[in-house]
Amino acid sequence: MFLIAVLLISPVMSQAPVFPPLATGIPPGQLQEIIFIRNWPLDITKNNLIAELPFMGKEYKVSFELFINEWASAPYENVIHIGLGRDADNYGDRTPAVWLNNAKFLHISSSVSGNNNNYYNTKINLEKEKWIKIDISQTLRDGKYIYEVSVNDVILHTLENNRPEQFGPVKVFAGNNFQATARGKIGNLSIFTKKVMKYMLFKNPK
């Protein structure tokens, strides 16, 4: 059985949804794909839990837009943090997470190749008070899991993850509880992830 849960968040919801509210009676362990969409702007605030998902698979794509109201004053101000719940204590605590640095670049971290904090700093000029499109993905290509970061549809960073894992359950924060929060908004947030399908091959008896 191949089960997909799609969650379209409504602005009238008052608390973080626990997945899957639209898949009544389906145990989370039976879900194969998750599509999470929250497409209206929301302020980045401290410890702002917006969703809990049963898993983040080996393949995923996290897409959102960032609107910077003010440049960061602290070295690292959190924008979004997806993970198991701690800062970077365990493999899977960042999968992925994004910060705005006071030097006006994005600090993007994820659990890659056994490193709890495999990070990349963007080397492009960011603009304040303008929507910035950010995509972070991990996909299976020719038998290898490729981790990739792009900003405004330009690929900036590509890396093979030689230790991909499925993590779960994961929490989604628009502003974590570990660092200062960026002064801005995120919009058009979407998270897609899927489990690895396992197939069994049977040989016909002669």
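Residues in the sequence shown are numbered from 1415 upward in steps of one, following the working numbering. For each residue, glycine too, the CB sits at the ideal point set by N, CA and C.
*With respect to the beta strand (DSSP E) encompassing Thr-1459, which residues constitute its N-terminal and C-terminal limits?*
Premise fails: Thr-1459 is in no beta strand (DSSP E) and is neither H nor E.
_Three-state class that DSSP yields for Asn-1529 in the structure shown_ = Three-state result, Asn-1529: strand.
*Quick one: Cα of Thr-1380 to Cα of Lys-1475, how far?*
Outside the displayed span of the chain (1415 to 1620) sits residue 1380, for which this structure offers no information.
*Nearest to Ser-1604 by CA position, among Asn-1492, Ala-1588 and Ser-1524, is which residue?*
Considering only alpha carbons, the answer is Ala-1588.
*Distance between Val-1493 and Met-1470 (C-alpha atoms, nearest Å)*: The straight-line gap from Cα to Cα measures roughly 19 Å.
_Do Val-1584 and Ile-1548 have their beta-carbon atoms positioned less than 8 Å apart in this structure?_
Contact annotation: Ile-1548 and Val-1584 have beta-carbon atoms that are not nearer than 8 Å.
*Output the boundary residues of the beta strand (DSSP E) element that contains Asn-1599.*
Note that residue 1599 corresponds to Lys in the displayed sequence, not to Asn. Annotation for Lys-1599: the continuous beta strand (DSSP E) segment containing it runs 1598-1608.
_Closest by C-alpha distance to Tyr-1533, when choosing among Phe-1481, Glu-1543 and Asn-1575_ = It is Asn-1575.
*Exposed or buried, what is Lys-1542 when buried is set at 16 or more other beta-carbons lying within 10 Å of its beta-carbon?*
Here Lys-1542 is exposed: its Cβ has fewer than 16 other Cβ atoms, across all protein chains shown, within 10 Å.
*Apart from the five residues just before and just after Thr-1509, which ones in its own chain have a Cβ nearer than 6 Å to its Cβ?*
Excluding its 5 nearest sequence neighbours in each direction, Thr-1509 has C-beta neighbours in its own chain below 6 Å: Met-1470, Ile-1496, Gly-1497, Ser-1524, Ser-1525 and Phe-1581, listed in chain order.
*If you pair each beta-carbon of the region 1592-1602 with each one of the region 1559-1579, do three or more pairs fall below 8 Å?*
The region 1592-1602 is not in contact with the region 1559-1579.
*Can the beta-carbon of Lys-1518 be found closer than 8 Å to that of Trp-1545?*
Between Lys-1518 and Trp-1545, the gap from beta carbon to beta carbon reaches 8 Å or more.
*asked:* Can you list, in chain order, the residues of its chain with a C-beta nearer than 6 Å to that of His-1571? Leave out the 5 residues immediately preceding and following it.
replied: Excluding residues within five positions, the ones whose Cβ falls inside 6 Å are Tyr-1534 and Val-1563.
*Would you tell me roughly how many angstroms separate the C-alpha atoms of Ala-1502 and Asn-1461, rounded to the nearest one?*
If I take the Cα positions, the gap works out to 16 Å.
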